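Some notes on the structure that comes next.
Protein chains: 2
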Amino acid sequence: MLREHNLKVTPQRLGILSILEDTGHISIEELFTFIRKDFSSISIATLYKNINFMLEVNILKEVKIPNSKSKYEISKDEHSHMVCRKCQKLEDITLCLDGVIEHASEKSGYSFDENALVLSGVCPQCQLA
Amino acid sequence: MLREHNLKVTPQRLGILSILEDTGHISIEELFTFIRKDFSSISIATLYKNINFMLEVNILKEVKIPNSKSKYEISKDEHSHMVCRKCQKLEDITLCLDGVIEHASEKSGYSFDENALVLSGVCPQCQLA
DNA sequence: AGGTAAATAATAAAAATTATCCTTTAGAAA
DNA sequence: TTTCTAAAGGATAATTTTTATTATTTACCT
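Chains A and B, in that order, are what the protein sequence lines are. Using our numbering, the letters of the first sequence map in sequence onto residues 186 to 314. Using our numbering, the letters of the second sequence map in sequence onto residues 186 to 314.
The following block contains the structure:
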């Protein structure tokens, strides 16, 4: 992935991507805590720079969540997100928004090429408690 | 609105709400620039505190937009947003997401009570240029 | 009108992000 | 392999954004 975008393959970058793969979604501060376990001397500036590079070339996506901090994920097929108000967990879900987007396009005259949908509620586990 | 939520009615707060009514959506920094025209000595801290108060009691909503800063709007009936990648304009659109959300709920087991959808593309005006 | 809790302004402090600058390193080329 | 160089990392300073503190002012209830 890195090589495809002319980014040098460094251990730090591999570490960041590895954590993103494992966790699915993670905030900057969580990521910094994790990566420090493997690279105890990594600089916060390096982390920010790399996140930004990878966002620019679309290796990563930022997920903006109502009432909480952004999380980052490795780019994959288009999907939406679900966030649990109780346990704060963030999960992917693949939905078909074609009809809705088509309708929005007709109604507004916009031509859309991206969408970001976050559904907030309570996850199945937290519903029991 | 303010009185209903036990917030005192101050000229600064009325000024903020008035700008929000006029602009529809506005970022903190834009709002600060605007409000300074009417209240040249208003403190940035006052602005942040009031925005946060009004968010807490749901007089306002924060709209988180991919690749740009959040904007704020006066709460109204549920709706989605459209952002133009060329002119950066943000607009409301009312869409029916019931089907999609119902489907998401069945598929995931979540129970949802809120949704945030932002569609990104090009507005009709910018399509001409 | 007077009293009081809440709001404002000014400012400091904290948190988040970006810039700078010097050292190190990945990866191309010899 | 070794060498060379542009790019990346680390340390830290500087910005930017947001929140906290405190003294003064004001909305609004009697």
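Where is the CB? At the ideal position from N, CA and C, for every residue including glycine. Since the structure is predicted, the reported quantities are computational estimates derived from the model, not experimental observations.
Applying a beta-carbon distance threshold of less than 8 Å, which residues of chain A neighbour residue i?
i, result
"residue 305 of chain B", "297, 298, 299, 300, 301"
"residue 309 of chain B", "293, 294, 295"
For a contact defined as C-beta to C-beta under 7 Å, what are the partners of residue i on chain B?
i, result
"residue 272 of chain A", "Under the 7 Å cutoff, chain B gives no residues; its nearest Cβ is about 12 Å from residue 272 of chain A."
"residue 211 of chain A", "Under the 7 Å cutoff, chain B gives no residues; its nearest Cβ is about 18 Å from residue 211 of chain A."
"residue 197 of chain A", "Per Cβ cutoff of 7 Å: no residues; residue 197 of chain A is ~25 Å from chain B at best."
Count the other C-beta atoms from every protein chain shown that fall within 10 angstroms of the C-beta of residue i, then say buried if there are 16 or more, exposed otherwise.
i, result
"residue 294 of chain B", "exposed"
"residue 233 of chain B", "exposed"
"residue 229 of chain A", "exposed"
"residue 172 of chain B", "Residue 172 of chain B is absent from the model: chain B starts at 186 and stops at 314."
"residue 199 of chain A", "exposed"
"residue 194 of chain A", "exposed"
"residue 235 of chain B", "buried"
Give me whichever residues DSSP pairs with residue i in a beta bridge.
i, result
"residue 301 of chain B", "A:303"
"residue 275 of chain A", "A:268"
"residue 248 of chain B", "B:256"
"residue 211 of chain B", "B:257"
"residue 203 of chain B", "In the DSSP output, where bridge partners are listed per residue, residue 203 of chain B has none listed."
"residue 296 of chain A", "B:307"
Can you find the residues in the same chain that come closer than 7 Å, C-beta to C-beta, to residue i, ignoring five residues on each side of it along the sequence?
i, result
"residue 227 of chain B", "197, 220, 221"
"residue 209 of chain A", "258"
"residue 286 of chain A", "297, 300"
"residue 190 of chain A", "242, 244"
"residue 231 of chain B", "197"
Would you call the CB atoms of residue i and residue j closer than 9 Å?
i, j, result
"residue 300 of chain B", "residue 248 of chain A", "no"
"residue 265 of chain B", "residue 245 of chain B", "no"
"residue 239 of chain A", "residue 192 of chain A", "yes"
"residue 253 of chain A", "residue 273 of chain A", "yes"
"residue 186 of chain A", "residue 297 of chain B", "no"
"residue 213 of chain A", "residue 204 of chain A", "no"
Cβ closer than 9 Å: which chain A residues qualify as neighbours of residue i?
i, result
"residue 278 of chain B", "289, 292, 293, 295"
"residue 267 of chain B", "289, 293, 295, 297"
Excluding the 5 residues preceding and the 5 following residue i in the sequence, name in chain order all residues of the same chain whose CB lies nearer than 6 Å to its CB.
i, result
"residue 243 of chain A", "260"
"residue 278 of chain B", "265, 267"
"residue 202 of chain A", "none"
Grab me the residues of residue i's own chain with a C-beta within less than 8 Å of its C-beta, minus the 5 sequence neighbours each way, in chain order.
i, result
"residue 271 of chain B", "307, 308, 311, 314"
"residue 188 of chain A", "194"
"residue 250 of chain A", "256, 266, 268, 275, 303"
"residue 224 of chain A", "196, 197, 200"
"residue 262 of chain B", "279"
"residue 289 of chain A", "295, 297"
"residue 206 of chain B", "259"
At a threshold of 8 Å, does residue i count as lining the ligand SAM (C-beta to nearest heavy atom)?
i, result
"residue 235 of chain B", "In the structure shown, the ligand SAM is absent, as is every other ligand, since no ligand is present at all."
Which chain A residues sit within Cβ distance under 7 Å of residue i?
i, result
"residue 285 of chain B", "280, 282, 285"
Residue i touches chain B at which residues, Cβ-Cβ below 8 Å?
i, result
"residue 251 of chain A", "247, 249, 299, 301"
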